[in-house]
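Just so you know, we're using our numbering here: the sequence shown kicks off at 21 and counts up by one.
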Amino acid sequence: MNPRINYTLVGAFVVLLVLGGLFFISFMTRDSRNIDRLPYVTYFYDSVSGLNERAAVKYRGVPVGYVEKINLVNDPEERVRLILKLDKDLPIRSSTFATLQYQGITGLLFVELQSRSNLGELLTTSEKHPATIASQGSRLVEMTENIDLAIQNFNQLTQSLNSLTNQLGSLTNEGMQQQISSLLSSLEQLSNTTETRVNAFNPKVFEQLATNLSLSLSTSAEQLQLNLTTELQQIRKQLQNLTEDTQASTRLLSPLLLQAESLAEQFRLESNTWIRGNRSQSAGPGEQ
């Protein structure tokens with residue numbers, strides 16, 4: 021027998037055996053539910069850091085699928101789109117929503133599905149038109165973000181305390197202590213001067229001055245009122261006298277006007293007579 025033919029048969033048999041073993045292992049380990057899973061889409065507005073493709077999807081804590089794809093939607097809101105593969109018999113309703121949850125202490129995320137009620141309408145999905153599942157912010161993720169923010173604020177507070185400590189340390193040097201001592205001495209002198217001025221203040225003098233001023237103002241006001249009253253009375257009397265004089269003058273002018281009118285009429289008549297009397301009549305015929 022040709023030895024080359026034996027080696028060929030042995031090699032072919034080994035290759036077939038290996039391929040058969042790999043096929044058997046893949047057949048035994050493959051998830052038969054992948055054939056019966058349907059696509060769904062959900063959108064998140066928050067960061068999905070820690071969530072990877074093939075991450076688990078659970079419905080009330082029970083694994084029901086996985087995350088098939090993660091991509092960023094090109095829109096103003098910059099949403100993150102997740103394509104989910106879920107079991108075919110899973111009751112996904114309009115009241116179902118998706119949240120992100122942490123898986124243990126690893127920092128990895130998975131998608132948790134919950135339903136507000138069982139009265140919602142079942143969603144219809146397909147490969148071409150996958151149904152959209154509503155999303156909701158995770159309280160745990162929000163808590164983690166709040167903790168991070170609190171840590172940042174704490175770091176800022178620590179820096180502020182360090183700065184305050186440095187400033188207080190600068191107050192302990194000798195030059196600053198002398199300046200503070202000088203300032204305190206000046207404040208003490210000012211306090212003593214103010215106390216002396218306050219003690220020297222005599223309230224009775226100012227009280228008497230206020231009383232005199234009030235009396236002076238009262239007297240001046242009364243005198244001014246009296247003077248104004250006197251002046252007004254004099255003006256009223258002068259107006260009355262002027263009115264009486266005007267009335268008397270009017271009564272005297274009336275006869276004078278009548279006499280003037282009579283004289284004017286008489287003057288007019290006499291002037292006509294004078295004019296006619298002075299004319300020389302021409303001699304008639306035969307009188308010359």
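Note that CB positions come from ideal geometry on N, CA and C, so glycine has one too.
Residue i in three-state terms, based on DSSP
i      : result
Lys224 : helix
Leu278 : helix
Arg288 : helix
Asn91  : strand
Arg99  : coil
Tyr27  : helix
Leu273 : helix
Leu142 : strand
Glu147 : coil
Glu194 : helix
Asn72  : coil
Leu207 : helix
Ile112 : coil
Residues that residue i bridges to, as DSSP identifies them
i      : result
Pro59  : Lys105
Pro352 : This structure cannot settle anything about residue 352, because the visible part of the chain is limited to 21 through 308.
Phe117 : Gln134, Ala154
Phe44  : DSSP lists no partner for Phe44.
Phe33  : For Phe33, which the question treats as bridged, DSSP gives no partner whatsoever.
Tyr122 : Leu129
Phe64  : Val100
Span of the beta strand (DSSP E), counted from its first residue to its last, around residue i
i      : result
Ser155 : 151-155
Ser135 : 128-135
Local Cβ density within 10 Å of residue i, reported as buried at 16 or more and exposed below that
i      : result
Phe64  : buried
Val131 : buried
Tyr79  : buried
Gly41  : exposed
Leu289 : exposed
Lys105 : buried
Tyr60  : buried
Arg299 : Residue placement at Arg299 cannot be trusted, given a pLDDT of 49 that sits under 50; the coordinates are not used to answer.
Gly85  : buried
Ser46  : exposed
Thr145 : buried
Val34  : exposed
Ala268 : exposed
Leu276 : exposed
Leu278 : exposed
Leu207 : exposed
Val87  : buried
Gln204 : First, the residue type needs correcting, since residue 204 is Leu and not Gln in the sequence shown. That one is exposed.
Leu129 : buried
Leu133 : buried
Thr62  : buried
Ser155 : buried
From the options, residue whose alpha carbon lies closest to that of residue i
i      : options                        : result
Arg136 : Leu143, Ser115, Ser155         : Ser115
Arg57  : Ser67, Arg99, Lys108           : Lys108
Gly140 : Gln156, Ile112, Ile125         : Ile112
Pro150 : Asn166, Gln179, Gly157, Leu102 : Leu102
Ile153 : Thr185, Glu88, Gln179, Thr119  : Thr119
Val77  : Tyr122, Asp66, Asn232, Val34   : Tyr122
Val100 : Ser274, Gly157, Thr216         : Gly157
Leu110 : Leu235, Glu98, Leu143, Glu73   : Leu143
Ala75  : Phe44, Asp66, Gly127           : Gly127
Glu165 : Lys148, Ser291, Ser201, Val68  : Val68
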